[in-house]
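There are 2 protein chains.
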Amino acid sequence: MNLTERLLNRDPSALAKLISQVENRVPGYPEILDQIFSHTGHSYRIGITGPPGAGKSTLVDKLVRLLRAEGKTVGVLACDPTSPFTGGALLGDRIRMQDLVSDDGVFIRSMATRGSLGGLAKSAQEAALLLEAFGFDWIILETIGVGQVEVDIVQAADTTVLVLVPQSGDVIQAMKAGLMEIGDVFVVNKSDQGEADLAYRNLQTMLGLSMHEWMPPIVKTVASQNQGIVELRSAIERHKAYQEKNTLSHRRRVRLKAFLQMIIEEELQLQLWHSQRLKTLDAQLEQILNKHQTPYRAAKEILQSISSSLQNN
Amino acid sequence: MNLTERLLNRDPSALAKLISQVENRVPGYPEILDQIFSHTGHSYRIGITGPPGAGKSTLVDKLVRLLRAEGKTVGVLACDPTSPFTGGALLGDRIRMQDLVSDDGVFIRSMATRGSLGGLAKSAQEAALLLEAFGFDWIILETIGVGQVEVDIVQAADTTVLVLVPQSGDVIQAMKAGLMEIGDVFVVNKSDQGEADLAYRNLQTMLGLSMHEWMPPIVKTVASQNQGIVELRSAIERHKAYQEKNTLSHRRRVRLKAFLQMIIEEELQLQLWHSQRLKTLDAQLEQILNKHQTPYRAAKEILQSISSSLQNN
């Protein structure tokens, strides 16, 4: 059997190898993803994001155990665009999940930025498709921080959980940053510390101002003590039921569209700088260095030839 | 006088406004950058990067004071692609630099990711051009973390300083991540703590293996106590002298080329998804959702029309 067949037969080592091939953009990886595509779409995806130190990975750990106790299988992708330095920490975090590693119903994988090999958001999408084809019931996309790339990653989820802690003025920061918009479920973790009630009430007030039909539930948790995990699970379930009745197919359509655009943009990027165009670029560069040309005017001249032909398609 | 003229007359409020216009991609910003371009190229740029918590902003603070004592003017860009959450912390860090703010010879600016408004690496380059046109002797590009975006930012510097701390296994992490390649000068900060000598020796061994002509100096500092800053200053000066004799013009050429490519790619991105192409995309999307098509095959079909015309230019 080839790797793809082994994946569809639920061989974890084939899954791990295929994720690596996709991450490393091994020649032929698009065909792999096309081959497995008809087997995707049957998993439910949860995105978990929030600032560093909010206790996201402990929360994920507990949530995975709860889902396993229900008999569900779970694939976890822990995504870190700020690596390399946090990469080690991330793996360290995972050590406590080691007893889960020997559980066939769980698969845990860290993904980090791979330099110029393409965006992490795209790789995470592709890895999630592989997890779906493998047949996991649930997929968890976890991020380390909450920058733009992380937001792109969790927006590929069916339900996005935004994890905050009471101490750090997170609620205000989240609001200022427009992050309230991306959370379908909110968690105030470490709610035995600091001003948890205040944070909860602030969140409630803020979410009450929203005009959306879905009113995001707020769950207080102490992940390290396994408190509030059942409540989180049921809040996710409520959102899942709401989505399935209303917006899930639309949401998945939007996500697929964004994915298709990412594929096209990445490939176009690769094709853009062919030798003839690099020569044009170098000629303009000389002019700029001699101060006979300016960068934006040079870019415009190069773009004119490219874009006029783009418009003609 | 218009804003550009005021910038060239060293008006700090015009500088601040122009940076905002560039960050926000206000219509006409390319023309602003083209207008000031002939006034750029006379500043020396230092990039300062390293993992979070290495004490970079304290180090920058001390370095700025030293440069000011020499009578040099300094512009600082503190770049944080992992915002929004660290955005607040970053500004907090800056409060201790407040006495510097009333100094006309210093300009400090935080830059964060602005969602889809284009890459931070490009905005930082553009802000640096504005600082150069204003006439600062030195420009410091400081990053908060050390992910891919941060590496792109500091590679736009003439001298890149990689700041590590002895405690955290940073040296090993930096080596694994290929970061040794980007440092022109290394700093072991907080060198009164932990195993500073071991970290120093590890660095020395590792850098000794490099085949490059320039052997990066390693400086031990305790930034919080102003220790080692003079030594850092002179290490930067040595690299500056080396560069000016050897590789500076090449380095600036490479940087300008990368900048030009960023301009073209950003603009192309904006032009790519015009209404006709979005219709094609939607049609393919329907096919994919019905499982009559796969994402990569669909992307290929859309790309074929785009890229064949790109090749013809």
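Line by line, the protein sequences give chains F and W. According to the numbering used here, the first sequence holds residues 3 to 315 in order. According to the numbering used here, the second sequence holds residues 3 to 315 in order. Where is the CB? At the ideal position from N, CA and C, for every residue including glycine. Predicted model, so just to flag it, every value in this text is computed and none were measured.
Measure the CB-CB distance between residue i and residue j and report whether it falls below 8 Å.
i: residue 238(F); j: residue 173(F); result: no
i: residue 56(F); j: residue 234(F); result: no
i: residue 144(F); j: residue 220(F); result: no
i: residue 228(W); j: residue 64(W); result: yes
i: residue 133(F); j: residue 38(F); result: no
i: residue 184(W); j: residue 54(W); result: no
i: residue 208(W); j: residue 182(W); result: yes
i: residue 262(W); j: residue 262(F); result: no
i: residue 114(W); j: residue 154(W); result: no
i: residue 304(W); j: residue 289(W); result: no
i: residue 121(W); j: residue 264(W); result: yes
i: residue 12(W); j: residue 136(W); result: yes
Give the range of the alpha helix (DSSP H) segment to which residue i is assigned.
i: residue 146(F); result: Where residue 146(F) is concerned, there is no enclosing alpha helix (DSSP H), given that its DSSP letter is neither H nor E.
i: residue 63(F); result: 58 to 71
i: residue 258(W); result: 250 to 274
i: residue 240(F); result: 231 to 247
i: residue 24(W); result: 14 to 25
i: residue 210(W); result: 198 to 210
i: residue 6(W); result: 5 to 10
i: residue 188(F); result: Counting along the chain, residue 188(F) falls outside any alpha helix (DSSP H), though it belongs to the beta strand (DSSP E) covering 187 to 190.
CA-CA distance, residue i and residue j?
i: residue 255(F); j: residue 291(W); result: 8 Å
i: residue 26(F); j: residue 111(F); result: 15 Å
i: residue 46(F); j: residue 160(F); result: 7 Å
i: residue 16(F); j: residue 248(W); result: 50 Å
i: residue 325(F); j: residue 225(F); result: Chain F is shown only over 3 to 315; residue 325(F) falls outside these bounds and no answer can be derived.
i: residue 5(W); j: residue 105(W); result: 21 Å
i: residue 158(F); j: residue 40(W); result: 45 Å
i: residue 24(F); j: residue 258(F); result: 18 Å
i: residue 164(F); j: residue 215(F); result: 18 Å
i: residue 276(W); j: residue 69(W); result: 49 Å
i: residue 76(W); j: residue 306(F); result: 38 Å
i: residue 252(F); j: residue 151(F); result: 22 Å
i: residue 223(W); j: residue 10(F); result: 55 Å
i: residue 42(F); j: residue 21(F); result: 15 Å
i: residue 109(F); j: residue 61(W); result: 42 Å
i: residue 48(F); j: residue 156(F); result: 8 Å
i: residue 197(F); j: residue 206(F); result: 14 Å
i: residue 189(W); j: residue 129(W); result: 26 Å
i: residue 67(W); j: residue 71(F); result: 59 Å
i: residue 201(F); j: residue 193(W); result: 39 Å
i: residue 14(W); j: residue 58(W); result: 25 Å
i: residue 127(W); j: residue 162(W); result: 15 Å
I want to see whether chain W comes within less than 8 Å of residue i, judged by CB atoms only; does it?
i: residue 260(F); result: no
i: residue 265(F); result: yes
i: residue 32(F); result: yes
i: residue 39(F); result: yes
i: residue 36(F); result: yes
i: residue 255(F); result: yes
i: residue 124(F); result: no
i: residue 269(F); result: yes
i: residue 290(F); result: yes
i: residue 286(F); result: yes
How about residue i: is its C-beta nearer than 8 Å to some C-beta of chain F?
i: residue 299(W); result: yes
i: residue 296(W); result: yes
i: residue 283(W); result: yes
i: residue 19(W); result: no
i: residue 189(W); result: no
i: residue 305(W); result: yes
i: residue 293(W); result: yes
i: residue 308(W); result: yes
Just to confirm the assignment, what range does the beta strand (DSSP E) spanning residue i have?
i: residue 80(F); result: 76 to 82
i: residue 114(W); result: 108 to 114
i: residue 181(F); result: It is not in any beta strand (DSSP E) - residue 181(F) carries neither H nor E in the DSSP assignment.
i: residue 222(F); result: 220 to 222
i: residue 161(F); result: 161 to 166
How about residue i: is its Cβ closer than 7 Å to a heavy atom in the ligand GTP?
i: residue 22(F); result: The ligand GTP is absent from the structure shown, which contains no ligand whatsoever.
Problem - the segment 130 to 143 of chain W / the segment 268 to 279 of chain W touching (three or more Cβ pairs under 8 Å) - result: No, they do not touch.
Exercise for the section: Report yes or no: do three or more beta-carbon pairs, one from the segment 294 to 311 of chain W and one from the segment 26 to 43 of chain F, lie closer than 8 Å? Expected result: yes
Exercise for the section: Inspect the CB distances between the segment 242 to 255 of chain F and the segment 75 to 84 of chain F and report whether three or more fall short of 8 Å. Expected result: no
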